[in-house]
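Report on one structure; see the data block that follows.
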Amino acid sequence: MKQKFNIITSTCVPLPLENVDTDQIIPARFLKATTKEGFGENLFRDWRYDKQGNKIDSFVLNDPTYGGQVLVAGKNFGSGSSREHAAWAIADYGFRVVVSSFFADIHKNNELNNFVLPVVVSEPFLKELFDSIAADPKTEVVVNLPEQTITNKATGKSETFEINAYKKHCLMNGLDDIDFLVENKDKIEAWENKK
Numbered sequence: 357m358k359q360k361f362n363i364i365t366s367t368c369v370p371l372p373l374e375n376v377d378t379d380q381i382i383p384a385r386f387l388k389a390t391t392k393e394g395f396g397e398n399l400f401r402d403w404r405y406d407k408q409g410n411k412i413d414s415f416v417l418n419d420p421t422y423g424g425q426v427l428v429a430g431k432n433f434g435s436g437s438s439r440e441h442a443a444w445a446i447a448d449y450g451f452r453v454v455v456s457s458f459f460a461d462i463h464k465n466n467e468l469n470n471f472v473l474p475v476v477v478s479e480p481f482l483k484e485l486f487d488s489i490a491a492d493p494k495t496e497v498v499v500n501l502p503e504q505t506i507t508n509k510a511t512g513k514s515e516t517f518e519i520n521a522y523k524k525h526c527l528m529n530g531l532d533d534i535d536f537l538v539e540n541k542d543k544i545e546a547w548e549n550k551k
């Protein structure tokens, strides 16, 4: 799942629902595994499949009209419990970016720690993006991490987004927290030796 992040141009999967909590992203019954692989098949499980395990054709992840590395979600994405498995499921499914007008803080950090970029946009930009995707499912966005911009190619409109400088460095270099420490081992040892 560690992938360097620079600029992504992709079509989008629209999920225009507000207050999507982590139990909806990955239901609690799937939290037994301790490795990050395999969670993608149960992303939004109770919305994707009926009780008999049959696909619900009307759910967006089951609709071949939509695809891509960008999930566009309604306001307040990732609320509820702090389960990191929700970010594991999003990453394992293949999403590299989640766009919303608001993220729950813990979930936002869990996404960053799992090489998924949470992009916070204004509500008007989000609405326009949903409208563009509804008008043309092949609508693409350009997510430029170095410049911290997202552009709706259908309208040409862009917004900037915020990201912690440390997390930006880690994403752009494909580093998790341990990799970052190892990368800076000499600096840490030099600082320790000064003491």
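In the working numbering, the protein residues as written are 357 to 551.
Backbone N, C-alpha and C fix where the C-beta goes; we use that ideal spot for every residue, glycine too.
Secondary structure at Asp487, three-state DSSP: helix, strand or coil? Locating residue 487 in the sequence shown gives position 131, where the first residue counts as 1. Residue state, collapsed to three classes: helix.
Please report how far the alpha carbon of Ile446 lies from the alpha carbon of Tyr405, in whole angstroms. Locating residue 446 in the sequence shown gives position 90, counting from the first residue. Locating residue 405 in the sequence shown gives position 49, counting from the first residue. Each residue's Cα considered, the two are about 17 angstroms apart.
Should Ala389 be labelled buried (16 or more other beta-carbon atoms within 10 Å of its own) or exposed? Residue mapping note: residue 389 aligns to position 33 of the sequence shown, counting from 1. Flag for Ala389 reads exposed.
The alpha helix (DSSP H) spanning Asn466 covers which residue range? Here residue 466 refers to the residue found at position 110 of the sequence shown. Element bounds for Asn466: Asp461 to Asn469.
How would you write the range of the alpha helix (DSSP H) that Leu527 sits in, first residue to last? As a first step, residue 527 is located in the sequence shown; it is residue number 171 there, counting from the start. Looking at the DSSP string, the run of the alpha helix (DSSP H) that includes Leu527 is Ala521 to Asn529.
Within 10 angstroms of the Cβ of Ala442, are there 16 or more other Cβ atoms? Answer buried if so, exposed if not. Within the sequence shown, residue 442 is the residue found at index 86, counting from 1. Buried.
Who pairs with Phe433 in a beta bridge, going by DSSP? Numbered from its first residue, the sequence shown carries residue 433 at position 77. Paired residues: Phe459.
Skipping 5 residues on each side, what residues in its chain have a beta carbon closer than 7 angstroms to that of Tyr422? The residue given as residue 422 occupies position 66 in the sequence shown. Answer for Tyr422: Val369, Pro370, Val416 and Pro493, listed in chain order.
For Arg385, is the classification buried or exposed, using 16 other Cβ atoms within 10 angstroms of its Cβ as the cut-off for buried? Working through the sequence shown from its first residue, we reach residue 385 at position 29. Classification for Arg385: exposed.
For a test of the three-state rule: what should DSSP assign to Leu427, helix, strand or coil? Working through the sequence shown from its first residue, we reach residue 427 at position 71. Here Leu427 sits in strand by DSSP.
Using 8 angstroms as the Cβ pair cut-off and three pairs as the minimum, do the region 501-508 and the region 373-385 touch? no
Kindly indicate which three-state DSSP category Thr507 falls into: helix, strand or coil? As a working mapping, residue 507 is identified with position 151 in the sequence shown. Reduced to three states, the DSSP call for Thr507 is strand.
Please go through the same chain and pick out, in chain order, the residues whose beta-carbon is closer than 8 angstroms to the beta-carbon of Gly530, but skip the five residues on each side of it. Counted from its first residue, the sequence shown places residue 530 at position 174. If we look at Gly530 and ignore the five residues flanking it on each side, its Cβ neighbours are Lys358, Gln359, Lys360, Phe361 and Phe471.
Span of the alpha helix (DSSP H), counted from its first residue to its last, around Ile381: Along the sequence shown, read from residue 1 onward, the residue named residue 381 stands at position 25. Taken as a continuous stretch (DSSP letters only), the alpha helix (DSSP H) holding Ile381 covers Thr378 to Ile381.
C-beta contact flag for Tyr449 and Gly409 at 8 angstroms: In the sequence shown, residue 449 corresponds to position 93, counting from 1. In the sequence shown, residue 409 corresponds to position 53, counting from 1. No; because the gap between Cβ atoms is not below 8 angstroms, this pair is not in contact.
Can you name, in chain order, every residue of its own chain whose Cβ lies under 7 angstroms from the Cβ of Val477, other than the five neighbours on each side? What you label residue 477 is simply residue 121 of the sequence shown in a count that begins at 1. Once the five neighbours on either side are set aside, the close Cβ partners of Val477 are Val455, Ser457, Ile506, Glu515 and Phe517.
Cβ separation of Pro474 and Phe459, assumed to be a contact under 8 angstroms, to the nearest whole Å: Translated into positions along the sequence shown, residue 474 becomes position 118. Translated into positions along the sequence shown, residue 459 becomes position 103. Yes, they are in contact, since the Cβ atoms of Pro474 and Phe459 sit about 5 angstroms apart, within 8 angstroms.
Rounded C-alpha distance that separates Ala490 from Gly424: By one-based count along the sequence shown, residue 490 stands at place 134. By one-based count along the sequence shown, residue 424 stands at place 68. Taking the straight line from one Cα to the other gives about 15 angstroms.
When you compare only the Cα positions, how much space is there between Thr511 and Lys431? Here residue 511 is taken as the residue at index 155 of the sequence shown, counted from 1. Here residue 431 is taken as the residue at index 75 of the sequence shown, counted from 1. Computed Cα separation, rounded: 21 angstroms.
Runs of alpha helix (DSSP H) lying entirely within the region 400-426, each at least 4 residues, in chain order: 401-404
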